[in-house]
Structure formats: structure tokens, C-alpha cells
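Chemist: Okay, here's the structure, questions in a sec.
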Amino acid sequence: LAKTSVPLLFVEKDRKLPIKLHVRDEKDIINHALKVIEEQKKDGKTIRLPYNMWKLAMDKCQISYNDYIKLDPLSRDIVQAHWSAVKNHHLFYTDPKTKLFVLTVTSLLLNGECCGRSCRHCPYDHVNVSEAMKQKTFWNGAFFDKLD
43 LAKTSVPLLF VEKDRKLPIK LHVRDEKDII NHALKVIEEQ KKDGKTIRLP YNMWKLAMDK
103 CQISYNDYIK LDPLSRDIVQ AHWSAVKNHH LFYTDPKTKL FVLTVTSLLL NGECCGRSCR
163 HCPYDHVNVS EAMKQKTFWN GAFFDKLD
């Protein structure tokens, strides 16, 4: 190649840009993930979420620094355990204090709607939770926490 000041990326012949993918809505992503998971189960494979589902779940468990620094140490441990579980495609994690299993935002998204049980990481803003149960929880910036 002749010496040029233009990087090779720009001098390749017939170079085509990636095809722009259509934006999929949340329901499409979840339905696709359910199909993929079912196929993986049928084939006896370890479940790995499709990238779009994993990304959706990771986006749902983001927390701002300002909210994070307001949390007490136990709540920070919960945030870390949840984030780590979602990052590693797990559908639940063990609560650092109670040692009980807690559903991740990923498994709650796969349900498709709020189950009404006042889940800690509900991505549906507790829309089906009774008012009495809502009175016992609050959003701490990362998850729904129980009032003492």
C-alpha cells in the first residue's frame, strides 16, 4: 500500500458499515430470551441469557453514585451481590444477611409482569402489590427495602 496519512480503516475498498439493527422493545427481548432459555434447557446446556436480555437486566440494576453512598453497609452488600449475580447470568442470589435466596431483576423481568409479592428488585415498580404491602417498603435508590 502506498504511504498515506489516512488510517487503513478508511482506505479499504468496498467497506460497508454495519447494518443498523431495529430497536427491540422490552417485551420482544423477554420473549426471545424465554425461547432461548427453553432451548438451552431442552438441550441440557447451562443457561446463558441472550445479550439483549443480559443488557436489559444490567441496565435495570444500575445505581447512581449519590444513591450508593447513602446506603448502609448491608444494603451495599446487597447491591454488590445482586449486581454480581446479574452480571454472571444468575436468576437468584443469596442474601448476605439472611442467607435466603432472592430473585434477581433478570428472573423478575422474565416473569413479564409484577407478581404482587413485593419483590426486592421488582422492575415493574410494584404495580400489582397491595397498598398494605407498599406501606412496608420504600425505594432506597437501588432496591425496595423493608421499613424497620
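This note's numbering numbers the first residue of the sequence shown as 43 and each following residue consecutively. By construction, the Cβ of each residue, glycine as well, lies at the ideal position given by its N, Cα and C atoms.
1. Do T146 and V128 have their CB atoms nearer than 8 angstroms?
2. Within 8 angstroms, do at least three Cβ pairs link the segment 64-81 to the segment 110-124?
3. For Y135, which of helix, strand or coil comes out of DSSP?
4. For the beta strand (DSSP E) containing K188, list its first residue and its last residue.
5. By DSSP's criteria, T179 is part of a beta bridge. Which residues make up the other side?
6. Using a threshold of 7 angstroms, is the CB atom of L113 nearer than that to any non-hydrogen atom of the ligand COA?
7. Buried or exposed, going by whether 16 or more other CB atoms sit within 10 Å of the CB of A75?
8. Scan the segment 86-173 and note each continuous beta strand (DSSP E) run of 3 residues or more that stays entirely inside, going in chain order.
9. Taking DSSP as the reference, what is the three-state secondary structure of L70?
10. Can you list, in chain order, the residues of its chain whose CB lies under 7 angstroms from that of C164, leaving out five sequence neighbours each side?
11. Which one of Q122, L91, P92, L116 has the shortest CA to CA distance from I105?
12. On the premise that I72 lies in contact with G131, defined as a C-beta separation below 8 angstroms, what is that separation, rounded to the nearest angstrom?
13. CA-CA distance, Y166 and T148?
14. Have a look at R162 and W181 and give me their C-alpha separation to the nearest angstrom.
Modeler: So, to answer that:
1. Taking the first residue of the sequence shown as position 1, residue 146 is located at position 104. Taking the first residue of the sequence shown as position 1, residue 128 is located at position 86. Yes, the pair counts as a contact, with Cβ atoms nearer than the cut-off.
2. Not touching, per the Cβ criterion.
3. Counting from 1 along the sequence shown, the entry for residue 135 is found at position 93. In the three-state reduction of the DSSP assignment, Y135 falls in the strand class.
4. The residue you call residue 188 lines up with position 146 of the sequence shown. Start and end: 186-188.
5. Your numbering for residue 179 matches position 137 in the sequence shown. Paired residue(s): K188.
6. Ligands are entirely absent from the displayed structure, and the ligand COA is therefore not among its contents.
7. Along the sequence shown, read from residue 1 onward, the residue named residue 75 stands at position 33. The Cβ neighbour count for A75, taken over all protein chains shown within 10 Å, is at least 16; the residue is labelled buried.
8. Correct list: 134-136, 143-145.
9. Here residue 70 corresponds to residue number 28 of the sequence shown, with the count starting at 1. Sequence check: residue 70 is Asp here, not Leu. D70 falls in the helix class under three-state DSSP.
10. As a working mapping, residue 164 is identified with position 122 in the sequence shown. Result list for C164: L150, C156, F186, in chain order.
11. Walking along the sequence shown from the start, residue 105 turns up at place 63. Nearest of Q122, L91, P92, L116 to I105, Cα basis: Q122.
12. Stepping through the sequence shown from its first residue, residue 131 is reached at position 89. Stepping through the sequence shown from its first residue, residue 72 is reached at position 30. Note that residue 131 corresponds to His in the displayed sequence, not to Gly. Not a contact, Cβ separation roughly 15 angstroms.
13. Taking the sequence shown and counting its residues from 1, one reaches residue 166 at position 124. Taking the sequence shown and counting its residues from 1, one reaches residue 148 at position 106. Rounded to the nearest angstrom, the two C-alpha atoms are 12 angstroms apart.
14. In the sequence shown, counting from the first residue as 1, residue 162 sits at position 120. In the sequence shown, counting from the first residue as 1, residue 181 sits at position 139. When rounded, the distance between both Cα atoms is 9 angstroms.
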